[in-house]
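**Q** Numbering (the working numbering), first residue to last: 57 to 236.
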């Protein structure tokens with residue numbers, strides 16, 4: 057059964073596979089950097105949320121002396137995981153923002169916001185977490201104060217999560233090419 061020749065129609069200006077293959081190599085590099093920054097910002101925000109939703113309830117369920125013992129044993133692991141992740145997220149956000157600014161690309165406003173929020177995530181560490189985490193790890197906090205301090209720790213963590221999620225979402229907006 058011969059149905060005749062196959063006729064295909066393509067809209068004017070249509071290029072199979074889109075025009076991504078035509079982008080200049082430097083433009084692709086900037087987009088790749090922004091994509092990597094966005095991914096790392098998302099991973100960082102998700103990790104902070106997981107800490108809040110998994111570890112904090114566990115910590116609060118422990119008797120204060122047991123929590124302090126757990127924290128002293130595991131604090132180096134927490135620092136080894138979260139420290140490099142949050143520093144990488146901020147560094148990549150800064151680099152993506154600088155590259156977008158130098159090239160005057162769309163989305164620079166979103167990336168600048170993302171960068172500032174990523175800096176805020178790190179700034180909250182010396183503002184609150186460094187001292188209290190050191191007191192937890194050294195066991196120098198009064199055991200009777202631990203439950204109240206964990207409530208405070210959790211509240212501060214929500215600020216970090218909000219800043220981290222904001223950094224991620226504004227980076228997504230920048231990646232989409234939206235003007236801000």
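Quick reminder that beta carbons are idealized off the backbone N, C-alpha and C, glycines included.
All values derive from a computational prediction rather than experimental measurement.
Just checking, does the stretch 134-151 make contact with the stretch 177-188 on the three C-beta pairs under 8 Å criterion?
**A** yes
**Q** CB-CB under 6 Å to residue 98, same chain, minus the five flanking residues each way: which ones, in chain order?
**A** 224
**Q** On the three-pair Cβ rule with 8 Å, is the stretch 95-115 touching the stretch 142-159?
**A** In the pairwise beta carbon analysis, the stretch 95-115 is classified as touching the stretch 142-159: at least three pairs are separated by under 8 Å.
**Q** Which residue wins for smallest C-alpha separation from residue 213, given the options 170, 109, 160 and 150?
**A** For the residues 170, 109, 160 and 150, the minimum Cα distance to residue 213 belongs to 109.
**Q** Can you give me the C-alpha to C-alpha distance between residue 126 and residue 188, rounded to a whole angstrom?
**A** Spanning the two alpha carbons is a distance of roughly 15 Å.
**Q** Can you give the Cα-Cα distance for residue 115 and residue 130, rounded to whole angstroms?
**A** 12 Å
**Q** Let me know the secondary structure DSSP gives residue 197 once reduced to three states.
**A** Residue 197 sits in coil when the DSSP states are folded into three classes, being neither helix nor strand.
**Q** If distances are taken between C-alpha atoms only, which option among 156, 228, 170 and 193 comes closest to residue 219?
**A** If you compare the alpha carbons of 156, 228, 170 and 193 with that of residue 219, the shortest gap goes to 170.
**Q** In the structure shown, what three-state DSSP assignment does residue 11 receive?
**A** This structure cannot settle anything about residue 11, because the visible part of the chain is limited to 57 through 236.
**Q** So, residue 174 versus residue 164, is the Cβ gap smaller than 7 Å?
**A** In this structure, residue 164 does not lie closer than 7 Å to residue 174 by Cβ.
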